[in-house]
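Residue numbers (the working numbering): 611 to 756.
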Amino acid sequence: MPRVKLELPARTVFTAEIPVRITDVNYGGHLGNDSLLSILHEARVQFLKKFGFTELNIGGVGIIMSDAVLVYKAEVFYGDILTVEIGVDDLQAVGADITYRVMVRGKEAARAKTGIIFFDYANRKIVQTPQAFKDLFGQSIEPVKK
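Written out as structure tokens, the structure is:
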């Protein structure tokens, strides 16, 4: 089976530094895949905070994760400090991709992407990408046709 290849956008909009905790290490002695996803979540929350957002309030609506891709490049160990470079890609009418390049000790350890969909939690429905997000990270987007 062919391996997943993940291209990242050239533009990075935020960088976070996150230490690897002992609870992030699996029985193989390195960073577990579930912990990497949690670390990316922390980096995403820090990224949103920098721009005045939260996962529940981006221009009045929240986000929900629709998919995730993780591609490993190198082992990561307890005590390592990860540098997570975040980009925004594939901005669409109701969502976008948040991309991550994870660096450790000067080399790439992983690449990842989480697809997000904008979501109105009060009404339990998908909504249009908020203008505040489009203004920061994209150009005009075609609205969803009903």
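All C-beta atoms in this analysis are idealised placements derived from N, C-alpha and C, irrespective of residue type, glycine included. Keep in mind that this is a model prediction, so the values were computed, not measured.
> Just checking my contact of A742 with I674 at CB under 8 Å: how many whole Å lie between their CB atoms?
Replying inline: The residue labelled residue 742 in the question sits at position 132 within the sequence shown. The residue labelled residue 674 in the question sits at position 64 within the sequence shown. Taking 8 Å as the upper bound for CB-CB distance, A742 and I674 are not in contact here, some 18 Å apart.
> Who pairs with G670 in a beta bridge, going by DSSP?
Replying inline: By one-based count along the sequence shown, residue 670 stands at place 60. Looking at the DSSP output, G670 bridges to nothing.
> Considering only residues of the same chain and omitting the five flanking positions on each side of D700, which have a CB-CB separation below 7 Å?
Replying inline: Start at 1 with the first residue of the sequence shown, and residue 700 comes out as number 90. Answer for D700: A706, D707, listed in chain order.
> What distance in whole Å lies between the Cβ atoms of I727 and T622, which are believed to be in contact at a cut-off of 8 Å?
Replying inline: On the sequence shown, position 12 is the one that residue 622 refers to. On the sequence shown, position 117 is the one that residue 727 refers to. Taking the Cβ atoms as the reference, T622 lies roughly 23 Å from I727, outside the contact range of under 8 Å.
> Under the DSSP definition of a beta bridge, which residues are partnered with Y682?
Replying inline: As a position in the sequence shown, residue 682 is number 72, starting the count at 1. Paired residues: A720.
> Hey, would you say K723 sits closer than 7 Å to L616, going by beta carbons?
Replying inline: Indexing the sequence shown from 1 puts residue 723 at position 113. Indexing the sequence shown from 1 puts residue 616 at position 6. Yes, Cβ-Cβ distance for K723 and L616 is below 7 Å.
>> Can you give me the C-alpha to C-alpha distance between R734 and R654, rounded to a whole angstrom?
In response: Along the sequence shown, read from residue 1 onward, the residue named residue 734 stands at position 124. Along the sequence shown, read from residue 1 onward, the residue named residue 654 stands at position 44. Rounded to whole angstroms, the separation of the alpha carbons of R654 and R734 is 22 Å.
> Secondary structure at V694, three-state DSSP: helix, strand or coil?
Replying inline: Numbered from its first residue, the sequence shown carries residue 694 at position 84. Collapsing the DSSP output to three states places V694 in a strand.
>> Among the candidates Q656, I736, V694, D730, whose CA atom is the shortest distance from the CA of G716?
In response: What you label residue 716 is simply residue 106 of the sequence shown in a count that begins at 1. When each option's Cα is compared against that of G716, the closest is V694.
> Straight-line CA distance for V754 to I632?
Replying inline: Along the sequence shown, one-based indexing puts residue 754 at 144. Along the sequence shown, one-based indexing puts residue 632 at 22. Any reading at V754 needs caution, since the residue's pLDDT is 47, under 50, leaving its predicted position unreliable; the model's value is listed next. Their backbone Cα atoms lie some 44 Å apart in a straight line.
>> So, under 8 Å CB-CB, V614 and V679 are touching, yes? Tell me the CB distance rounded to an integer number of Å.
In response: For the purposes of this step, residue 614 is identified with residue 4 of the sequence shown, where counting begins at 1. For the purposes of this step, residue 679 is identified with residue 69 of the sequence shown, where counting begins at 1. The Cβ separation is near 6 Å, so the contact holds.
> In three-state terms, what does DSSP make of F729?
Replying inline: As a first step, residue 729 is located in the sequence shown; it is residue number 119 there, counting from the start. In this structure, F729 counts as strand in the three-state DSSP scheme.
>> Just to check my reading of the structure: L692 and V630 have Cβ atoms closer than 8 Å, yes? What is that Cβ distance to the nearest angstrom?
In response: Taking the first residue of the sequence shown as position 1, residue 692 is located at position 82. Taking the first residue of the sequence shown as position 1, residue 630 is located at position 20. About 6 Å separates the beta carbon of L692 from that of V630, a gap short enough to meet the 8 Å contact definition.
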